[in-house]
Each structure stands twice: as C-alpha cells, then as structure tokens.
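Undergrad:
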Amino acid sequence: MDVSLLRKGGVYEVQSASGNTYEVDVASKTCTCPDFTKHQPSGGCKHLRRVDIEIRSGHVPRPDGRLPATVGVAEQLAEAVHDLDREIEEREAKRRELQIALEVLEEYSN
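Going by the UniProt record's numbering, the residue at position 18 of the sequence shown is 18; the numbering climbs one at a time, nothing skipped.
1) So residue 65 and residue 5 are in contact, right, with Cβ under 8 Å, and what is the actual spacing, rounded?
2) Candidates 54, 77, 76, 109: which alpha carbon is nearest residue 68's?
3) From the DSSP output, in three-state form, read off residue 32 for me.
4) For the alpha helix (DSSP H) containing residue 76, name the first residue and the last one.
5) Can you tell me whether residue 2 is helix, strand or coil according to DSSP?
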C-alpha cells in the first residue's frame, strides 16, 4: 500500500495493492473503503492502521502537513555504516578462511 498526505488536517490517500484508492481521515478515524463503510471494524480498517504506521514511522508527513522530524537520522545512518563495516570485516575473514581451505585442498588433490 502506498500512502500520501492528500490535504492538511489528516486526510491521506491510500493506494491498495489491488489498485483501488481510498481516503483515510485520521482525525475522524474514517476510511472510504468498503470494509469500513459496511462493517466499521473496531480498531479501524487495514488502511487506517497502515496510515497510522506510516505516520509513526516518519514515512509520510504528519496530519498538520509538517515533514517528519529528522532528529536522529545522522545517528541512524552512522550506525548503519558501522554495521556494514562490521559485516564486511566478517565476510573478509570468512573469505580468507575459505581461500586457505581451498589452497590446502588443491595442494593435496594434485
């Protein structure tokens, strides 16, 4: 599902995997999907829940139209780089071990 802010005040557009588009209003906790309009499930429909997840994760603007806060983004990126560096080191060590094993195997196979 793709979610985007349609207009300030908390109205979002949700494009479902089926290709349908629905309007979700987080202020009134409503959705234009058939499930919500017919059954009004407790906790809302999957579109309302998805919009909530996207807002909380910072993937879409907040209901007031402001962009998600970027506090902590630099720290998250630095941590990701550190994790990748550690993974590279581990893979290089594993490669060296395999290379030695291959050389020994080739030496005794001939």
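Don't be surprised by glycine CBs; every beta carbon is placed ideally from N, CA and C.
TA: Let me spell this out:
1) Residue 65 to residue 5, Cβ: 7 Å. Contact.
2) Ranked by Cα distance from residue 68, the first of 54, 77, 76, 109 is 54.
3) DSSP places residue 32 in coil when its eight states are reduced to three.
4) Run containing residue 76: 73 to 109, per the alpha helix (DSSP H) assignment.
5) Three-state result, residue 2: strand.
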